[in-house]
Amino acid sequence: MTYRWDFTPLLDNWQALAMGAVGTVRLFAVCLVLGLGFGLIVALARRSRWRLARWVSIGFIEFFRNTPVLVQILWFYFALPMLVPVEITPFTAAIFGISLNSAAYSAEIYRAGIQSIEPGQWEAARAIGMSGLQTLRRIVLPQALRRVLPALTNRGIEIFKMTTLASVVAYIELLHQGKLIASLNFNPLEVYTVIGALFFLFLYPLVRATYALERRLARSD
Amino acid sequence: MDTPLLRLAGLDKRFGDRAVFSGVDLDVKRGDRIAIIGASGSGKSTLLRCINFLERPDAGRVILNGEPVGAERQRSGGTETRYDEGSLNRLRQRVGMVFQQFNLFPHMTALGNVMEGLVTVKRMARAPAGERAMAELARVGLADKAEAYPAHLSGGQKQRVAIARALAMEPEILLFDEPTSALDPALVGEVLDTIQALAAEGRTMILVTHEIGFAYHMATRVLFLAEGGIYEQGTPDEVLKAPRRPLTQAFIAGHRRFSF
Ligand SMILES: Nc1ncnc2c1ncn2[C@@H]1O[C@H](COP(=O)(O)OP(=O)(O)OP(=O)(O)O)[C@@H](O)[C@H]1O
Ligand SMILES: [Mg+2]
Numbered sequence: 005m006t007y008r009w010d011f012t013p014l015l016d017n018w019q020a021l022a023m024g025a026v027g028t029v030r031l032f033a034v035c036l037v038l039g040l041g042f043g044l045i046v047a048l049a050r051r052s053r054w055r056l057a058r059w060v061s062i063g064f065i066e067f068f069r070n071t072p073v074l075v076q077i078l079w080f081y082f083a084l085p086m087l088v089p090v091e092i093t094p095f096t097a098a099i100f101g102i103s104l105n106s107a108a109y110s111a112e113i114y115r116a117g118i119q120s121i122e123p124g125q126w127e128a129a130r131a132i133g134m135s136g137l138q139t140l141r142r143i144v145l146p147q148a149l150r151r152v153l154p155a156l157t158n159r160g161i162e163i164f165k166m167t168t169l170a171s172v173v174a175y176i177e178l179l180h181q182g183k184l185i186a187s188l189n190f191n192p193l194e195v196y197t198v199i200g201a202l203f204f205l206f207l208y209p210l211v212r213a214t215y216a217l218e219r220r221l222a223r224s225d
Numbered sequence: 005m006d007t008p009l010l011r012l013a014g015l016d017k018r019f020g021d022r023a024v025f026s027g028v029d030l031d032v033k034r035g036d037r038i039a040i041i042g043a044s045g046s047g048k049s050t051l052l053r054c055i056n057f058l059e060r061p062d063a064g065r066v067i068l069n070g071e072p073v074g075a076e077r078q079r080s081g082g083t084e085t086r087y088d089e090g091s092l093n094r095l096r097q098r099v100g101m102v103f104q105q106f107n108l109f110p111h112m113t114a115l116g117n118v119m120e121g122l123v124t125v126k127r128m129a130r131a132p133a134g135e136r137a138m139a140e141l142a143r144v145g146l147a148d149k150a151e152a153y154p155a156h157l158s159g160g161q162k163q164r165v166a167i168a169r170a171l172a173m174e175p176e177i178l179l180f181d182e183p184t185s186a187l188d189p190a191l192v193g194e195v196l197d198t199i200q201a202l203a204a205e206g207r208t209m210i211l212v213t214h215e216i217g218f219a220y221h222m223a224t225r226v227l228f229l230a231e232g233g234i235y236e237q238g239t240p241d242e243v244l245k246a247p248r249r250p251l252t253q254a255f256i257a258g259h260r261r262f263s264f
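Top line first, the protein sequences correspond to chains A and B. Every position in the first sequence, counted from 1, becomes a number in our numbering once 4 is added. Every position in the second sequence, counted from 1, becomes a number in our numbering once 4 is added.
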């Protein structure tokens with residue numbers, strides 16, 4: 005059986021694909037910032053001196069790590085509005101699901117990074133009169149973040165790929181648009197090949213950029 | 005003039021139910037150079053770390069320039085001393101510490117390490133802080149290494165940067181915890197020279213050391229720790245040359261066994 009590849013329907017629909025790409029990148033950017041940012045807060049709460057903060061943080065991490073993102077997105081989209089009178093757009097539901105899950109995972113990454121810093125670093129900073137917060141900001145986090153940058157890169161890649169889950173609530177991103185094109189033109193082979201390739205074309209340069217960042221940060225070694 | 009620069013009054017420290025020391029009293033006058041010696045595990049580091057509150061003493065007070073650190077509160081079971089972070093941070097600016105493992109900040113250059121306290125704690129602008137830090141690096145003979153990261157420095161150079169970092173805060177007392185124990189023998193000398201130069205400036209310092217010879221030449225007073233406290237103290241000649249009590253005698257004899 006020989007299949008004749010035909011990309012013309014895709015080229016004809018480039019605008020729909022471009023819309024999808026914008027949707028993917030937009031969702032990725034928001035979830036990256038929220039997920040990795042909130043994750044740091046959760047990680048710090050987990051090492052707080054207040055027991056309540058630690059409990060809340062652990063509960064959050066365990067809950068969101070151990071439930072599927074797909075279920076969370078569906079839950080925020082369909083279930084939450086039944087509990088509280090809010091209107092949830094597909095975009096918001098996807099942001100909630102992906103960011104909270106990413107925050108839970110990245111919190112554990114940050115925690116491991118912070119724990120890996122020798123106690124002597126804290127002591128040296130405290131010994132010149134730095135406060136706990138100053139020590140964290142100036143001494144511990146810069147070193148910890150550098151150590152966990154590869155793990156955070158993986159999280160970022162994961163977030164990018166998770167954006168496709170938003171298609172279940174009809175958020176307009178690449179996969180959603182692809183499905184649409186494929187169902188109208190009966191060309192899943194071309195469509196999903198191109199969608200996959202587009203993801204690679206987006207992600208690979210980003211990953212290369214983080215490698216460059218790692219090298220730049222390594223200049224103190 | 006008569007209030008000691010630093011006074012420890014009845015200091016106790018336990019880890020769990022193991023007492024490291026109890027009832028330690030010590031007066032340190034301006035210009036004193038105190039060497040603390042003792043067997044491994046006798047609590048030398050712990051005592052030093054109680055002075056700048058890297059360890060919290062379980063009882064007793066640290067009194068700097070006549071001002072007790074922390075505030076006493078009446079509690080049902082007696083009095084309790086509370087320490088707030090702000091006052092400990094201020095105390096630590098006045099009491100510099102140099103660690104056995106240097107503990108330089110590896111992500112900062114030598115200059116960055118020395119500037120850090122000036123910029124972050126003393127809130128100096130970067131330009132004057134950089135000048136001050138350069139002067140401290142020059143004092144320890146490392147002006148030419150200002151831009152080097154710790155990973156590119158020898159152990160002796162790292163320790164001298166660490167000394168410069170402590171000096172930059174203009175502390176009234178310097179605490180050294182075995183500053184040369186982690187060094188190759190060939191690098192010990194440069195660090196001891198640096199400390200010697202600080203001693204010659206009349207700085208107040210407390211030095212935990214296994215370098216008995218250095219303690220003998222540098223210290224104005226020697227403390228021998230054993231049995232959960234200051235077991236014997238006196239001038240270097242008294243404690244190191246003619247110890248009176250048996251544990252001190254055994255300790256000094258052990259150290260002299262291989263001298264030549
Ligand atoms: N954080 C800690 N938790 C529990 N025990 C500790 C802690 N720090 C020190 N100790 C114990 O307290 C005792 C005194 O320790 P310290 O480090 O002060 O001794 P040292 O005289 O400095 O010994 P060394 O010459 O080996 O450095 C030791 O028995 C040690 O095991
Ligand atoms: Mg020690």
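Beta carbons are placed, not taken as given, at the ideal position from N, Cα and C, and that holds for glycine.
Asked	Found
Look at the alpha carbon of residue 92 (chain A) and the alpha carbon of residue 159 (chain A), and state the distance between them as a whole number of angstroms.	25 Å
Using a threshold of 8 Å, is the CB atom of residue 50 (chain B) nearer than that to any non-hydrogen atom of ligand 1?	yes
Please confirm if the region 58-74 of chain A is in contact with the region 96-105 of chain A, defined as three or more CB-CB distances below 8 Å between the two stretches.	yes
What does residue 142 (chain A) reach in chain B if we use C-beta pairs closer than 7 Å?	120 and 124
Look at residue 41 (chain B) and residue 210 (chain B) and say whether their C-beta atoms are less than 9 Å apart.	no
At 3 residues or longer, what runs of the beta strand (DSSP E) sit wholly inside the region 97-168 of chain B?	99-102
With a threshold of 7 Å on Cβ separation, who are the neighbours of residue 31 (chain B) within its own chain once the five nearest residues in sequence on each side are excluded?	8 and 11
Could you run through the region 115-130 of chain A and flag, in chain order, every residue whose CB is less than 7 Å away from some CB of chain B?	124, 125, 127, 128 and 130
Count the other CB atoms within 10 Å of the CB of residue 213 (chain A); is the residue buried (16 or more) or exposed (fewer)?	exposed
In chain A, what lies closer than 9 Å to residue 89 (chain B) by C-beta?	135 and 136
Counting only Cβ-Cβ distances shorter than 7 Å, please list the residues of the region 102-117 of chain B near chain A, keeping chain order.	103, 105, 107, 109, 110 and 111
Mind checking whether the beta-carbon of residue 102 (chain B) lies closer than 8 Å to any heavy atom of ligand 2?	no
Over what stretch of residues does the alpha helix (DSSP H) that includes residue 221 (chain A) continue unbroken?	192-221
Please confirm whether residue 224 (chain B) and residue 37 (chain B) have their CB atoms less than 9 Å apart.	yes
According to DSSP, is residue 38 (chain B) helix, strand or coil?	strand
Taking Cβ positions only, does residue 212 (chain A) come closer than 9 Å to chain B?	no
Suppose contacts are defined by Cβ-Cβ distances below 9 Å. Is residue 169 (chain B) in contact with residue 128 (chain A) by that definition?	yes
With 16 other CB atoms within 10 Å as the buried threshold, where does residue 174 (chain A) fall?	exposed
In the structure shown, what three-state DSSP assignment does residue 29 (chain B) receive?	strand
Would you report the Cα separation of residue 56 (chain B) and residue 99 (chain B), rounded to the nearest angstrom?	7 Å
Which residues in the same chain have their Cβ closer than 7 Å to the Cβ of residue 157 (chain A), if we skip the five residues on either side of it in sequence?	211 and 214
To the nearest angstrom, how far is it from the Cα of residue 142 (chain B) to the Cα of residue 207 (chain B)?	18 Å
Cβ atoms of residue 124 (chain A) and residue 103 (chain B): under 9 Å apart, would you say?	yes
Pull out every residue of the region 199-211 of chain B whose Cβ sits closer than 8 Å to any Cβ of chain A, in chain order.	none
For the alpha helix (DSSP H) holding residue 64 (chain A), just list the boundary residues, first then last.	55-69
Between the region 72-97 of chain B and chain A, which residues of the former have CB atoms less than 9 Å from a CB of the latter, in chain order?	89, 90, 92, 93, 94, 95, 96 and 97
With distances taken between CB atoms, is the gap from residue 235 (chain B) to residue 252 (chain B) smaller than 9 Å?	yes
Three or more beta-carbon pairs under 8 Å between the region 84-100 of chain B and the region 184-197 of chain B, yes or no?	no
Run through DSSP, which three-state label would residue 209 (chain B) get?	strand
Would you say the beta carbon of residue 212 (chain B) is closer than 8 Å to some non-hydrogen atom of ligand 2?	yes
Closest Cβ-Cβ distance between residue 146 (chain A) and chain B: below 9 Å?	yes
Identify the contact partners of residue 224 (chain A) in chain B, using a Cβ-Cβ distance below 7 Å as the criterion.	110, 111, 153 and 155
Can you give, in chain order, each stretch of the beta strand (DSSP E) that sits fully within the region 212-260 of chain B and has at least 3 residues?	225-230 and 233-238
Measure from the alpha carbon of residue 27 (chain B) to the alpha carbon of each residue in B:21, B:16 and B:20, then state which is nearest.	B:16
I need the DSSP call for residue 197 (chain B), collapsed to helix, strand or coil.	helix
Per DSSP, which residues does residue 15 (chain B) bridge with? Please list them.	B:28
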